[in-house]
Amino acid sequence: MSATASSSFHLLDERIQRFIWAEGWDSLRDAQEAAIPLIVKGDRDVIVAAATAAGKTEAAFLPALTHLVQADAPGLAVYISPLKALINDQFGRLDRLCEQLEVPVWPWHGDISASSKSRFLSQRRGVLLITPESLEAMLCNRGTAIGSTFERLSYLVVDELHAFIGTERGKQLQSLMHRIERVIGRRVPRIGLSATLGDMGLAAAFLRPGHGAAVALVESKSSGGELRILVKGYEEPRVVRGEQEDGESEPITPAQIAGHLFKGLRGSNNLVFPNSRREVERYTHLLTRMCDAQQVPNEFWPHHGSLSKEIRAETEAALKQKERPATAICTNTLELGIDIGAVKSVAQIGPPPTVASLRQRLGRSGRRKGEPAVLRGYCVEDALGGQASIADELRLGSVQMAAMISLLLEGWFEPPSVKGAHLSTLVQQVLSFIAQNGGATIGQLHGLLCAPATPFSVVAKDEFVELIRHLGQKELLVQDSSGVLLHGRVGEKLVNHYRFYAAFASDEEFRIVAGGKSLGTLPVSQVLTIGQRILFAGRTWKVEDIDEEQKTIHVSRAVGGAPPLFSGGAGRTHTRVRQRMRQLLEGDEQPAYLDEVARRFLAEGRANYRTRSLSDAYVLDQGREVLLLTWLGDAANEAIACLLRRRGFVAVPAGPGVEVLKGQATLEDVVDVLFDAGLDEAPPLDVLLADTRNLQREKWDWVLPDRLLRKAYGSQHLDLEEALGWIRSLPGNGGFVGVSS
DNA sequence: GACCTGCTGCGGGATG
-11 MSATASSSFH
-1 LLDERIQRFI
9 WAEGWDSLRD
19 AQEAAIPLIV
29 KGDRDVIVAA
39 ATAAGKTEAA
49 FLPALTHLVQ
59 ADAPGLAVYI
69 SPLKALINDQ
79 FGRLDRLCEQ
89 LEVPVWPWHG
99 DISASSKSRF
109 LSQRRGVLLI
119 TPESLEAMLC
129 NRGTAIGSTF
139 ERLSYLVVDE
149 LHAFIGTERG
159 KQLQSLMHRI
169 ERVIGRRVPR
179 IGLSATLGDM
189 GLAAAFLRPG
199 HGAAVALVES
209 KSSGGELRIL
219 VKGYEEPRVV
229 RGEQEDGESE
239 PITPAQIAGH
249 LFKGLRGSNN
259 LVFPNSRREV
269 ERYTHLLTRM
279 CDAQQVPNEF
289 WPHHGSLSKE
299 IRAETEAALK
309 QKERPATAIC
319 TNTLELGIDI
329 GAVKSVAQIG
339 PPPTVASLRQ
349 RLGRSGRRKG
359 EPAVLRGYCV
369 EDALGGQASI
379 ADELRLGSVQ
389 MAAMISLLLE
399 GWFEPPSVKG
409 AHLSTLVQQV
419 LSFIAQNGGA
429 TIGQLHGLLC
439 APATPFSVVA
449 KDEFVELIRH
459 LGQKELLVQD
469 SSGVLLHGRV
479 GEKLVNHYRF
489 YAAFASDEEF
499 RIVAGGKSLG
509 TLPVSQVLTI
519 GQRILFAGRT
529 WKVEDIDEEQ
539 KTIHVSRAVG
549 GAPPLFSGGA
559 GRTHTRVRQR
569 MRQLLEGDEQ
579 PAYLDEVARR
589 FLAEGRANYR
599 TRSLSDAYVL
609 DQGREVLLLT
619 WLGDAANEAI
629 ACLLRRRGFV
639 AVPAGPGVEV
649 LKGQATLEDV
659 VDVLFDAGLD
669 EAPPLDVLLA
679 DTRNLQREKW
689 DWVLPDRLLR
699 KAYGSQHLDL
709 EEALGWIRSL
719 PGNGGFVGVS
729 S
């Protein structure tokens, strides 16, 4: 490390400089160079955004540790991570450096012993590595000790900031940091570490609500290397009725795709993303069977959230070791965080959930200098003919894949959605603060959580009062004679269980056990019968017994069988993606990365788009239903559906548009009502959703009063402004109406 | 027609 090359190096403590020499690092990365002077003084909030493996952790900790060891009294830095695995990784990396500095490092999460935790509590100095849930538990259960525990706190470091923005857990994290600062009576510098973000302003506003403009921003300049892309199309033949008498017929394209993967991926490390756990099982099964059939060692390993820790660890170990090549078939469990080394290529089967997610997945490939990142895309479309749907005719899956790749190449990806009010998490934070403080007045709670520049500042005073009253009716809260709020009968029970600490809900699941050995878990919503065959961990099993008390399914090995269904929610597609899809269908651009079949899909989509005159027509008459083709994102389509429902129609968002049941009405009636909706003022969310049921999505939604539940849902899921903007921009506004059938 | 994350305090009994 030369003195002239780096000015930031000299800002670091001498012992840290010696450590860097000893490690043999030739230079500081640009993100570290820029972040050190901003962080070392410990007087401001900073976001460091850089691609994976750019040394973000060091960018935060080299200056933060310098500050800690040079302070008059021993200080404390708190590092907050979304994953336990990441805490364990970071502990390994930090502990060696910190040992030389005589700074203790304390991992703290659910798997850490109580004795280690109490040793930290007696010392209260060094670096604490913790999850939001463990921090919640600490505030909840050790309320009176919080002031002294964090007395010497100098930094709050948030890792994987992008994974928190716009989520229930992110809202919880904001509230936890805020509550700690309130107890110790001063602001603590917040350091956010993130993958590159589209909108740094949103991230800054998230890190320091109300004062985002004052957050210092460091963005790594290191540009992405070369990217090689191949997208292959596969056509699934139509199933002729009568051929499937002995049960479900298996589709044939997965075996073809697996064959291509087998040839292309063997001999190197890769990740395959088929978008669902069920498909992970399907492809792992196909690929391991191919290894068996060719009598070669297996190179394909499954990884998803329903698999046991042991099976996942086996896959991670296969990827990490260097002796033999390994490919993981996975869900987004391998998208974030844990270090699995560089992979040669990434395969994406079907369009990815979002461009942002595709980008994150590709970040795992081509990380060594001079090596390109490689993306293999696979598109499956049903053969046309007979009763093909509009989605089939327009080849929407393939068009979406091409649209998302073209946006990726332009450097665009979805900004995080930060409009959600997350009132569910407000309920949790009210209950938690009462536990911490041994009771609270309504004014105290409102001032803490809902005042300007707090995490729930969108909640008005009257709404907060309504919420607290409702929590009283539900026996979550009671008021004592002096007006202080305490936990009610139900609240007491819920707070005094460890499930309370997580802000997000989770499905109840069955354990799957074979011969006494746990294989993993399966969501409880799934219907199962004894004797049925399921695919799990890449193998076929027969269900022997279902123990509802113990929530356990006992299985034995079996041959053949249909894969089990996993429960799931709905994806959210952004308007920009839908508009690029339309642009692709209207234009004649030929993306070079499409193979012959994928090119044919695009050509067929374009031909059908023209035949139906969809450049002009936005109303498609489909007999009993009308399809309004908006080419907007899901949030706007859902808002349009709500506007029509308010006026008596049955309407649901449907891919690139909104499907409306005609009922007794005519197509012209539907269009009239649509224009009518565009003339009105934007209705408040609770009015818009007045007739809609089943809005509960988050953990505490079940205790929200109806009006606030609608507000919470609407703030997160509807884009009313965009919906009204679309209606108002329709051609002629009552004049020309495009109809196609 | 999706996916992921996380979790305490205490008491009882065994062991050094």
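In terms of this note's numbering, the first sequence opens at residue -11 and continues consecutively. Even glycine gets a Cβ: it sits at the ideal position worked out from N, Cα and C. On a predicted model such as this, the values are computed, not experimentally measured, just so you know.
Residue range of the unbroken beta strand (DSSP E) whose run includes residue i
i      : result
Trp732 : Limits of the chain in this structure are -11 at one end and 729 at the other, which puts residue 732 out of reach.
Ala641 : Residue identity differs from the one stated: residue 641 is Pro in this sequence, not Ala. Looking at the DSSP string, the run of the beta strand (DSSP E) that includes Pro641 is Val638 to Ala642.
His542 : Thr540 to Arg545
Asn596 : Per DSSP, Asn596 belongs to no beta strand (DSSP E); it is in the alpha helix (DSSP H), Glu584 to Thr599.
Trp714 : It is not in any beta strand (DSSP E) - Trp714 instead sits in the alpha helix (DSSP H) that spans Leu708 to Arg716.
His475 : Leu473 to His475
Ala335 : Ser333 to Ile337
Gly198 : From DSSP, Gly198 is part of no beta strand (DSSP E); its letter is neither H nor E.
Residue i versus residue j: straight-line alpha-carbon distance, rounded
i      : j      : result
Arg356 : Leu322 : 19 Å
Glu298 : Gly503 : 16 Å
Leu149 : Arg570 : 33 Å
Asp743 : Glu2   : Only positions -11 to 729 of the chain appear in this structure, which leaves residue 743 out of reach.
Glu121 : His485 : 13 Å
Gln416 : Ala151 : 20 Å
Glu402 : Pro340 : 13 Å
Ile378 : Phe663 : 24 Å
Asp707 : Trp714 : 11 Å
Phe79  : Leu144 : 16 Å
Gly198 : Thr442 : 7 Å
Leu64  : Thr137 : 9 Å
Asp799 : His705 : The shown model of the chain, from -11 to 729, leaves out residue 799, and the question about it has no answer.
Asp668 : Asp674 : 16 Å
Leu205 : Leu195 : 11 Å
Asp370 : Ala314 : 32 Å
Glu497 : Ile4   : 47 Å
Val203 : Arg178 : 9 Å
Ser717 : Arg588 : 33 Å
Range covered by the alpha helix (DSSP H) that runs through residue i
i      : result
Trp94  : Here Trp94 belongs to no alpha helix (DSSP H); instead the beta strand (DSSP E) covers Val93 to Trp96.
Glu21  : Asp18 to Ile27
Asp83  : Lys72 to Leu89
Ser731 : Within the shown structure, residues of the chain are numbered from -11 to 729, placing residue 731 beyond reach of any answer.
Ile172 : Glu156 to Ile172
Gln467 : First-last for Gln467: Leu465 to Gln467, but that is the beta strand (DSSP E), not the alpha helix (DSSP H).
For residue i, three-class secondary structure by DSSP
i       : result
Ser(-6) : coil
Arg6    : helix
Phe663  : helix
Arg300  : helix
Pro290  : strand
Glu656  : helix
Ser555  : Here Ser555 scores only 29 on pLDDT, less than 50, and its place in the model should not be relied on; the value that follows carries that caveat. Of the three classes helix, strand and coil, the one that applies to Ser555 here is coil, per DSSP.
Gly431  : helix
Tyr271  : helix
Gly385  : helix
Trp690  : helix
Asn258  : strand
Asp756  : Look at the range of the chain in this structure, -11 to 729, and you will see that residue 756 is not part of it.
Arg175  : coil
Lys220  : strand
Gly504  : coil
Leu696  : helix
Beta-carbon contacts of residue i that lie in its chain and below 6 Å, excluding the five residues immediately before and after
i      : result
Val146 : Ile68 and Gly180
Cys86  : Val93
Thr540 : Arg499 and Val501
Leu615 : Leu608, Gly645 and Glu647
Ile337 : Pro262 and Tyr366
His542 : Val501, Glu532 and Asp533
Gln232 : With a pLDDT of only 43 at Gln232, under 50, the local geometry of the prediction cannot be trusted, and the value read off the model is given with reservation. So the list is empty, once near-sequence residues are dropped.
Gly43  : Arg17 and Gln20
Same chain, Cβ closer than 8 Å to residue i, five either side skipped, listed in chain order
i      : result
Leu274 : Pro242, Ala243 and Ala246
Leu482 : Leu419, Leu464 and Phe488
Val81  : This sequence places Arg at residue 81; Val is not what is there. If we look at Arg81 and ignore the five residues flanking it on each side, its Cβ neighbours are Thr45.
Pro360 : Gly213, Glu214, Leu215, Arg216 and Gly354
Same chain only: Cβ atoms within 7 Å of residue i, ignoring 5 sequence neighbours per side
i      : result
Leu249 : Val260, Leu275 and Ala335
Pro62  : Arg113 and Arg140
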